[in-house]
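The opening position of the sequence shown corresponds to residue 123 in the numbering used here, with each subsequent residue numbered one higher.
For each residue, glycine too, the CB sits at the ideal point set by N, CA and C.
Bear in mind the structure is a predicted one, so any value in this text is a computation, not a measurement.
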Amino acid sequence: MAQKPIRILFLISVLMLAVGCSDPVADSINLLTSQNQTKLSTLGQQLDRGQLRNAMMLSQYSQILKQQRPELTQLLEQLALDGTTQGQLYKNLSKRIVETQDAKNFTSKELLLDELENINQALDPTLFNDA
């Protein structure tokens with residue numbers, strides 16, 4: 123009879139040890155991966171709705187300048203795209219997120235975590251708006 127409580131205590135100890143041994147880097151990676159997906163979606167919606175002032179101004183400025191300097195049309199169209207989800211700024215952030223989903227792209231978890239943190243900051247609408 124004394125063995126039953128010992129077994130229960132042993133099982134509880136093993137479970138507590140397993141829970142207490144979670145990897146904080148892996149936990150942070152999982153959290154940032156999820157946050158970055160959400161932030162990318164939100165940023166895309168804000169761009170599509172014209173809610174980022176500087177991005178909206180790129181489009182307006184490009185339209186005005188195209189009328190005044192038609193020889194710059196191709197350049198100005200590319201400039202206007204940078205204020206949308208079709209621009210290189212947004213596309214590159216999206217690409218970087220995809221690249222973080224393959225652990226082979228990083229030599230360590232710490233490097234992956236660093237990249238996820240950098241992306242997380244770049245996805246901030248205020249920072250993106252100032253880019």
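Could you check whether residue j and residue i sit closer than 9 angstroms to each other, using their CB atoms as the reference points?
i	j	result
residue 216	residue 162	yes
residue 213	residue 147	no
residue 174	residue 242	no
residue 245	residue 158	yes
residue 227	residue 234	yes
residue 209	residue 179	no
Leaving out five residues on either side along the sequence, give the residues of the same chain with a beta carbon under 7 angstroms from the beta carbon of residue i.
i	result
residue 239	154
residue 253	211
residue 172	178
Under three-state DSSP, which class holds residue i?
i	result
residue 202	helix
residue 209	coil
residue 228	coil
residue 175	helix
residue 253	coil
residue 144	coil
residue 246	coil
residue 218	helix
residue 191	coil
residue 223	coil
Assign residue i to buried or exposed, taking buried as 16 or more other Cβ atoms, counted over all protein chains shown, within 10 Å of its Cβ.
i	result
residue 199	exposed
residue 225	exposed
residue 258	The requested residue 258 does not occur in the structure, where the chain is confined to residues 123 to 253.
residue 249	exposed
residue 237	buried
residue 151	buried
residue 222	buried
residue 184	buried
Identify, in the order they occur along the chain, each residue of the same chain with its Cβ nearer than 8 angstroms to the Cβ of residue i, setting aside the five sequence neighbours on each side.
i	result
residue 220	none
residue 170	206, 207
Spatial neighbours of residue i within its chain, please: CB distance less than 6 angstroms, with the 5 preceding and 5 following residues excluded, ordered by chain position.
i	result
residue 218	241
Is there contact between the segment 187-201 and the segment 160-174, where contact requires at least three CB pairs shorter than 8 angstroms?
With the cut-off at 8 angstroms, the segment 187-201 and the segment 160-174 do not touch.
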